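Just below is one structure, and these are the notes that go with it.
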Amino acid sequence: MSFFSWAWDWVTTDANWHGSGSIPQQLVAYLGYCALPLLIAALIGVPAGVAIGHRGGKRAVVVINTANAWRAIPTLGLLILLAVFLGFSPLTWLLPLVVLAVPPILVNAYEGVAAVDPSVKDAARGMGMTPWQQVTRVEIPNALPLILVGLRTAAIFVVATATIAAYIGLGGLGRFIIDGLASDQYGPVAGGALLVVILAVLVLALFAGLSRLVIPAGLRKQAKTE
Amino acid sequence: MITFVEVTKRYQDGTVAVDALNLEVPAGQTMVLVGPSGCGKTTTLRMINRLVEPTQGAIFLDGTDIKDRAPAHLRRGIGYVIQQSGLFPHRTVQDNIATVPLLNGWPRKKARDRATELLTLVGLDQDLARRYPHQLSGGQQQRVGVARALAADPPVLLMDEPFSAVDPVVRASLQDQLLSLQAELRKTIVLVTHDIEEAIKVGDLVALYRPHGTLAQVAPPEQLLAAPADDYVAGFVGFDRGIRRLSFVTTDGLVLDASPVLPADATVAKALAAGQPWICVTDAERRPAGWVATVTLAAAPGDTPLGQVKTEPVGHAFTFGTDSLRAALDAAVLSPAGQAVGVDGDGRVLGVATFDQLRAAIQAADTRAVDSRAGDSAEARRR
Amino acid sequence: MMWSWIPSNWSLIWQLTWENAKLGVLPALYGLVISLPLGVIAARWRWFYPPTLTVINILYAVPSLALFIALIPAFGLTDTTVIIALTVFSLCVILPNVVAGLRAVPAAVTQAATAMGYGPLRRLVTVELPLAVPVILAGFRVGVVASISLASVGQLIGVSSLGYLFIDGLQRSFPTEIYVGLVLVIALALACDLIIVAVRRALTPWAAS
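Residue numbers (my numbering), protein chains in the order written: chain G, 1096 to 1321; chain F, 7 to 389; chain P, 503 to 711.
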């Protein structure tokens, strides 16, 4: 496929690895563009999802439907809107990506906690655990597989979409794609895309390893969803 | 002890689960709450550890209103066992058992040692300690659930249909385990069940509920069987309560006859001379080997030892003094001779009891005061 | 915010909305059609699922823009390019739900159906899939909403959608257009979402909802 040959030629060109705007530079910048929104989204989505799942009830369903509605917000549109009003502020690229990442994290955290066996939750409460202890010692550990699925999905979304930051003049791997498009050079376009895909694969591998590390042995055996 | 004073639980849609309940659970005894589905027994139980809050009335634990204690703190002092065990799937068996001690701040080693102790107490093998709940059978999980409830040595134990989810053989074994634990530990236990047999077997006191949150009768099981308060109670308890009541009467008042009992080396002639319709043949250790009808002996030569004659199986024998009159009656029914074989603690034959002698003992039991919950009748009740 | 711009450009707005709707719903539908047989296979032969899911996840990671570009040589600067790319993305969202939905059908139900004499295909179509509908439609909802949203990126390669309003608005420094674009994309996505919820209610009268 010519896509790969363009990409390969470009990635293996030594010049692209040095100087300003080089591959390593943009890669590092890209990691920042991905990691920060993810972190913020996790800090918002996991506690919120867990709290709503712990509480349960009709209100929970309403909140979850709202979170799903968030997905309707077009990231590109939001980015452009913020660019017009805030210019080059960090919020311009941060907010759209956070908005993108929160729904999968929140919904999965909620479902993870909601899916914990009711008799386990009843036992935890009946034994004298305070609500905080119930959540941290029982509900979160049991919800961990689904929480990780949510984080992984959000990570893939963000890695794929952070390229649009380049559209408003910022760096990252998207720079290669946008510049290449503008100057009709398919090398950087394909190459940039390939690098993003490789990054995504690494993220998937990272999560696979993380889940093996973090999920308690007792839960792993019960063939859960991945 | 636990006292309910005019306790009512009314839900927002108007349903009344518990209606002006007054109940006293004596310390150190097992109170069983039994009744049809939806009668409020589980709601009553869950009000004790404040998982459900009463709409009216008050509940006192050892003289203090439970509302005056913080819920989490209250619950740490009350063991809680539920039907599906609710074991934490993400923790090993020993860490499950150690939960409340760890919550109370015990050092990890001490908590784990305590867990090991409890595994033995509930009759489980040490090598289960590091397994996960999903690797255990239903009966094993329930035992772990009980061990977990006992870990911090709470004075009160609440059990909500703890044995309903396992098969009858395992259930009987778990009930027996509970009885022996209780004999040793003397906790205040409140147990909910829908099975009247279970209530009679394990309870010191039985509180029978009517369908909508009120009590029909609160009494020791023997009294429930002997004197049900009304037709509802009689119906709930079951039609053969007369015979079941005999489980609470000991056999030590039974008169045993030793004349139909002969050893295997006795001759046929001696058997015929005894003048009994049936002879109980014993082996060299005086254990029952079989019954033989004397009419079948007429054909055999007089000097044949009884051991060589074809006998019919005994069925089962009852242990004199420890087994109940019900077990003796059952032994008589099963015996081809219509007589129950009574043995001592080592299985050696003491004598036999005919239906006449059993009838006399039953009638004597009626006029005697009902046994209180003491060691002997506890054993007797299990057969 | 120049309100008068809206009525005077009504036909443009309407046309773009319709384009975006097509670019949103069609890929999700194609994604559903592809996911169903794949999902059935994956639910039945468990070893098939992890590799398939990994491949789809990787495809999802390709930035939408780049995937559009990769497809241009084959399909040109047309709707088709965007639709194919968005179909691939929606697979990522719908396939896991098809598998999860089928796996969630209680074993007791499938066994009872088999015992009553249902052949495997009939059982699948008349028992398992209907019971899996809520979960499958949940995935479909997300697929439609995401596609409607992503379709706007197609504007960058000249495939018209409501994204046109973002880009034109940026280039002309005309916020009104951007607002209108944003609101319409969100409204369109939510409208489709509600329609799908209604469809789900109609298809599953037995469900308590």
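No residue lacks a Cβ here, since even glycine has one placed at the ideal position from N, Cα and C. Model, not experiment: these values are computed from the prediction.
Rounded separation between residue i and residue j - CA only
i                 : j                 : result
Ala1102 (chain G) : Gly1269 (chain G) : 14 Å
Ile54 (chain F)   : Val152 (chain F)  : 18 Å
Ala384 (chain F)  : Val1141 (chain G) : Here the model assigns Ala384 (chain F) a pLDDT of 47, short of 50, so the residue's position is not dependable and the matter cannot be decided.
Ile588 (chain P)  : Tyr532 (chain P)  : Going by the sequence as given, residue 588 (chain P) is Leu instead of Ile. Spanning the two alpha carbons is a distance of roughly 9 Å.
Arg1324 (chain G) : Ala78 (chain F)   : As displayed, chain G neither begins before 1096 nor continues past 1321, which places residue 1324 (chain G) out of reach and without an answer.
Ala1324 (chain G) : Val1202 (chain G) : Given that chain G is displayed from residue 1096 to residue 1321, the structure contains no residue 1324 (chain G) and the question cannot be resolved.
Asp101 (chain F)  : Gln147 (chain F)  : 13 Å
Glu228 (chain F)  : Asn28 (chain F)   : 22 Å
Lys47 (chain F)   : Tyr215 (chain F)  : 7 Å
Ile560 (chain P)  : Val1292 (chain G) : 7 Å
Pro598 (chain P)  : Leu555 (chain P)  : 8 Å
Phe245 (chain F)  : Val347 (chain F)  : 28 Å
Ile1242 (chain G) : Ala1257 (chain G) : 22 Å
Val542 (chain P)  : Ala1167 (chain G) : 29 Å
Leu252 (chain F)  : Gln89 (chain F)   : 31 Å
Asp377 (chain F)  : Ala1218 (chain G) : Note that Asp377 (chain F) has pLDDT 46, beneath the 50 cutoff, so the model's placement of it is unreliable and no number is given.
His222 (chain F)  : Thr70 (chain F)   : As written in the sequence, residue 222 (chain F) is Ala, which differs from the His given in the question. Cα to Cα, the separation comes out at about 27 Å.
Trp507 (chain P)  : Gly671 (chain P)  : 12 Å
Beta-carbon gap between residue i and residue j smaller than 7 Å
i                 : j                 : result
Thr300 (chain F)  : Val274 (chain F)  : no
Val255 (chain F)  : Leu163 (chain F)  : no
Ala337 (chain F)  : Phe326 (chain F)  : no
Asp201 (chain F)  : Gln35 (chain F)   : no
Lys15 (chain F)   : Thr61 (chain F)   : yes
Tyr1205 (chain G) : Gly1144 (chain G) : yes
Val224 (chain F)  : Val38 (chain F)   : no
Gly219 (chain F)  : Val11 (chain F)   : no
Ala1249 (chain G) : Pro1169 (chain G) : no
Val261 (chain F)  : Pro294 (chain F)  : no
Thr49 (chain F)   : Val58 (chain F)   : yes
Ile650 (chain P)  : Ala691 (chain P)  : yes
Ala117 (chain F)  : Leu109 (chain F)  : no
Cys1129 (chain G) : Val1253 (chain G) : yes
Spatial neighbours of residue i in its chain, beta-carbon cut-off 7 Å, leaving aside the 5 residues before and after
i                 : result
Leu528 (chain P)  : Ile585
Leu1171 (chain G) : Ile1259
Ile697 (chain P)  : none
Ser662 (chain P)  : Leu518 and Glu521
Gly259 (chain F)  : Ala367 and Ala370
Ser711 (chain P)  : Below a pLDDT of 50, predicted positions are generally treated as unreliable, and Ser711 (chain P), at 49, falls in that range; the measurement from the model is reported next regardless. Excluding residues within five positions, the ones whose Cβ falls inside 7 Å are Arg703.
Contact belief for residue i with residue j at Cβ below 8 Å, rounded distance in angstroms
i                 : j                 : result
Pro128 (chain F)  : Glu167 (chain F)  : Reading off the sequence, residue 128 (chain F) comes out as Val, not Pro. No, Val128 (chain F) and Glu167 (chain F) are not in contact; Cβ-Cβ is about 18 Å, not under 8 Å.
Phe1271 (chain G) : Gly1286 (chain G) : 6 Å
Ala158 (chain F)  : Val106 (chain F)  : 4 Å
Gln132 (chain F)  : Leu124 (chain F)  : So it is not a contact: roughly 11 Å between Cβ atoms.
Ser592 (chain P)  : Ala523 (chain P)  : At roughly 15 Å, the Cβ-Cβ gap does not stay under 8 Å, so Ser592 (chain P) and Ala523 (chain P) are not in contact.
Ala240 (chain F)  : Trp284 (chain F)  : No, Ala240 (chain F) and Trp284 (chain F) are not in contact; Cβ-Cβ is about 38 Å, not under 8 Å.
Gly665 (chain P)  : Ala530 (chain P)  : Not a contact, Cβ separation roughly 18 Å.
Gly419 (chain F)  : Val267 (chain F)  : No statement about residue 419 (chain F) is possible, as the shown extent of chain F runs from 7 to 389 and does not include it.
Bridge partner(s) assigned by DSSP for residue i
i                : result
Ala299 (chain F) : F:Trp284
Phe324 (chain F) : F:Gly348
Arg16 (chain F)  : F:Val22
Phe66 (chain F)  : F:Thr9 and F:Asp71
Thr194 (chain F) : F:Val162
Ile84 (chain F)  : F:Val162
Ser663 (chain P) : None; Ser663 (chain P) has no bridge partner.
Asp263 (chain F) : F:Val358
Ser330 (chain F) : F:Thr256
Ala213 (chain F) : F:Leu39 and F:Val224
Nonlocal neighbours in the same chain, by C-beta distance under 6 Å from residue i, ignoring five residues either side
i                 : result
Thr360 (chain F)  : Gln345
Val635 (chain P)  : Leu705 and Thr706
Pro160 (chain F)  : Gly83, Ile84 and Gly85
Arg605 (chain P)  : Ala545
Val22 (chain F)   : Arg16 and Gly219
Val87 (chain F)   : Gly151, Val152, Ala155, Met165 and Pro168
Leu1239 (chain G) : Ile1310
Ser170 (chain F)  : Gln89
Same chain, Cβ closer than 8 Å to residue i, neighbours up to 5 away in sequence not counted
i                 : result
Ile1263 (chain G) : Leu1174, Ile1175, Ala1178, Phe1183, Thr1187 and Trp1188
Ala375 (chain F)  : Unreliable placement is indicated for Ala375 (chain F), whose pLDDT of 45 sits below 50; the coordinate value is still reported in the next sentence. Closer than 8 Å at Cβ, skipping near neighbours: no residue.
Leu626 (chain P)  : Val542
Leu278 (chain F)  : Thr300, Leu303, Ala304 and Gly308
Partners in chain B for residue i, counting only beta-carbon separations shorter than 8 Å
i                : result
Leu109 (chain F) : Here the protein chains are G, F and P, and chain B is not one of them.
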